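S.K.: Residue numbers (the numbering used here), protein chains in the order written: chain E, 627 to 862; chain V, 7 to 47.
One structure is given below, represented as structure tokens, and several questions about it will come after.
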Amino acid sequence: MKKAFPILALLTLILLGYAGYMALSPNGAPTEQTMGNVQRIFYYHVPSAWCAFLLFFINFGASIYYLIKRSQAADIVALVSAEVGVVFCTIVLITGPIWARPVWGIWWTWDMRLTSTLLLWLIYVSYLFLRRFSSSGQTAALAAALAVFGALCVPFVYFSIWFFRTQHPQPVLGGGGSIDPRMLHVLLLNWLAFSCFGFLVCWARYRVEKLQRDVDEAHAMRSLMDLRNPRQQRSA
Amino acid sequence: MTSNPYLFAAYAVTWIIHVGYLSIIVSRYARLKREIKELKD
């Protein structure tokens, strides 16, 4: 497993480079006629949103599993997927306004898609704050319950465009919008690249979290040993 | 390759966030390695 990581990291780096080239070069994705080159933000904005949604669903599955089985591994998967999902969601919330400014003439509008995405981000940021700063023994269970409610917002964010009048364009897939096949190809390529990257980041973060818990356990064991053998401690 | 200040800003911000997060993970890993070494000593 340790040897697989650098190989997969190298392959992902190559894939990201190729996907980035295809997104930025007119030889890859064609230039959109109305918006021009600024539309190429789409190839980072949309895959980041899809990755965030996917990670929030993984967080949901892992949280349900934790609530049923109280599995330590599921708890770590839930934490890691939420953290990396927040990173992707932050990118969505920053690249969106950067794209909106030249196209709509405004950085932000309080329409349903944008507001619900911001709310989703706030839910998962509060989830991470809960995990970071709560010292209760029930933190993992409380966070898992919050994650279940957070995940319920994901379909609402995606389909909010259907239910409400909004300035945001229709979803690319399953939303009735149309897209040039070459653009779709580059979009899916970037999604694949960012998904592989997200998976690797989750993998690295999982290992760090596992190590952190092992170290915390070792510290706790050492404190117990010191309490049980105060004479040895004094003589040492 | 295409050039547009908004496009550049969006791509730059994306990679700054990803690299920043990765550097946090790497620094935590290095700190944990140091702690493990101290525990073993």
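Yeah, the Cβ is synthetic: ideal placement off N, Cα and C, and Gly gets one too.
No experiment lies behind these values; they were computed from the predicted model shown.
Output needed in chain order: residues of the segment 837 to 856 of chain E with a Cβ under 9 angstroms from some Cβ in chain V.
M.R.: Under the 9 angstroms Cβ criterion, the segment 837 to 856 of chain E contributes Leu837, Gln838, Asp840, Val841, Ala844, His845 and Arg848.
S.K.: Residues of chain V with a CB under 7 angstroms from the CB of E:Trp747: which are they?
M.R.: The premise fails here: E:Trp747 is roughly 13 angstroms from chain V at the closest Cβ pair, so nothing lies under 7 angstroms.
S.K.: Do you know how far the Cα of E:Arg727 is from the Cα of E:Met847?
M.R.: Taking the straight line joining both Cα atoms gives about 55 angstroms.
S.K.: Is the segment 668 to 682 of chain E touching the segment 703 to 712 of chain E in the sense that three or more CB pairs, one from each, lie closer than 8 angstroms?
M.R.: Short answer: they touch.
S.K.: Take the Cβ of E:Leu648 as the centre, count every other Cβ of all protein chains shown within 10 Å, and call the residue buried at 16 or more, exposed below.
M.R.: One point to set straight first is that residue 648 of chain E is Met, not Leu, in the sequence displayed. With 16 or more Cβ atoms within 10 Å of its Cβ, E:Met648 is classed as buried.
S.K.: Alpha helix (DSSP H) containing E:Phe790: first to last residue?
M.R.: Per DSSP, E:Phe790 belongs to no alpha helix (DSSP H) and is neither H nor E.
S.K.: What's the call for E:Pro673, buried or exposed, on a 16-neighbour Cβ count within 10 Å?
M.R.: Under this definition E:Pro673 is a buried residue.
S.K.: Would V:Ala36 count as contacting chain E if we go by Cβ distances under 8 angstroms?
M.R.: No, its Cβ sits nowhere closer than 8 angstroms to a Cβ of chain E.
S.K.: Check each candidate in E:Ala773, E:Pro723 and E:Gly763 and name the one with the smallest Cα separation from E:Leu746.
M.R.: Selected option, being the one with the closest Cα: E:Ala773.
S.K.: Which same chain residues, not among the five before or five after E:Asn685, have their C-beta less than 6 angstroms away from its C-beta?
M.R.: Taken in chain order, the residues that qualify are Ala704, Ser707, Ala708 and Ala773.
S.K.: If you drop the 5 nearest sequence neighbours on each side, which residues of the same chain put their C-beta closer than 6 angstroms to that of E:Phe790?
M.R.: For E:Phe790, where only same-chain residues beyond five positions count, the Cβ hits under 6 angstroms are Met738.
S.K.: With V:Ala15 and E:Ile724 assumed to form a contact (beta carbons below 8 angstroms), what rounded beta-carbon distance in angstroms separates them?
M.R.: Confirmed, about 5 angstroms.
S.K.: Report the partner residues of E:Glu658 according to the DSSP bridge assignment.
M.R.: Beta-bridge pairing links E:Glu658 to E:Gly662.
S.K.: Taking the alpha helix (DSSP H) that E:Arg833 falls in, what are its first and last residues?
M.R.: Where E:Arg833 is concerned, the enclosing alpha helix (DSSP H) stretches over Pro807 to Arg854.
S.K.: Spatial neighbours of E:Trp734 within its chain, please: CB distance less than 6 angstroms, with the 5 preceding and 5 following residues excluded, ordered by chain position.
M.R.: For E:Trp734, where only same-chain residues beyond five positions count, the Cβ hits under 6 angstroms are Pro723.
S.K.: Should E:Cys677 and E:Ser804 be called a contact, given that it needs their Cβ atoms to be closer than 8 angstroms?
M.R.: No, the pair does not count as a contact, with Cβ atoms beyond the cut-off.
S.K.: In angstroms, rounded to a whole number, what distance separates the CA positions of V:His24 and E:Asn855?
M.R.: When rounded, the distance between both Cα atoms is 47 angstroms.
S.K.: Going by beta carbon distance, what residues of the same chain come within less than 6 angstroms of V:Leu38, once the five residues before and after it are set aside?
M.R.: Answer for V:Leu38: no residue qualifies.
S.K.: Could you work out which residues of chain V lie near E:Asn830, taking near to mean beta carbons separated by less than 7 angstroms?
M.R.: It should be noted that the sequence gives Ala, not Asn, for residue 830 of chain E. Going along chain V in sequence order, the residues near E:Ala830 (Cβ under 7 angstroms) are Ile31.
S.K.: Give the residues of chain E in contact with V:Val19, contact being defined as C-beta atoms less than 8 angstroms apart.
M.R.: Ordered by position in chain E, the residues that pass the 8 angstroms Cβ test against V:Val19 are Ile717, Ile720, Thr721 and Ile724.
S.K.: Out of E:Ala769, E:His794 and E:Ala819, which one is the CA nearest neighbour of E:Leu693?
M.R.: Checked all of E:Ala769, E:His794 and E:Ala819; the closest Cα to E:Leu693 is E:Ala769.
S.K.: According to DSSP, simplified to helix, strand and coil, what is E:Arg696?
M.R.: E:Arg696 falls in the coil class under three-state DSSP.
S.K.: Using the rule of at least 16 other Cβ atoms within 10 Å of the residue's Cβ for burial, across every protein chain shown, is E:Arg831 buried or exposed?
M.R.: Per the 10 Å Cβ criterion, buried.
S.K.: Flag E:Tyr644 as yes if its beta-carbon sits less than 8 angstroms from any beta-carbon of chain V, otherwise no.
M.R.: Chain V contact via Cβ: absent.
S.K.: Considering only the alpha carbon of each residue, which of E:Leu815, E:His811 and E:Ile749 lies closest to E:Val783?
M.R.: Among E:Leu815, E:His811 and E:Ile749, the Cα nearest to that of E:Val783 belongs to E:Ile749.
S.K.: Can you list the residues of chain V that E:Arg757 reaches, using a CB-CB cut of under 7 angstroms?
M.R.: In chain order: nothing, as chain V lies at least about 15 angstroms away.
S.K.: Output, in sequence order along the chain, the residues in the segment 663 to 677 of chain E whose CB is closer than 8 angstroms to any CB in chain V.
M.R.: Going along the segment 663 to 677 of chain E in chain order, one finds Asn663, Val664, Arg666, Ile667, Tyr670, His671 and Ser674 with a Cβ nearer than 8 angstroms to chain V.
S.K.: Put E:Ser707 into one of helix, strand or coil per three-state DSSP.
M.R.: If DSSP states are grouped into helix, strand and coil, E:Ser707 belongs with the helices.
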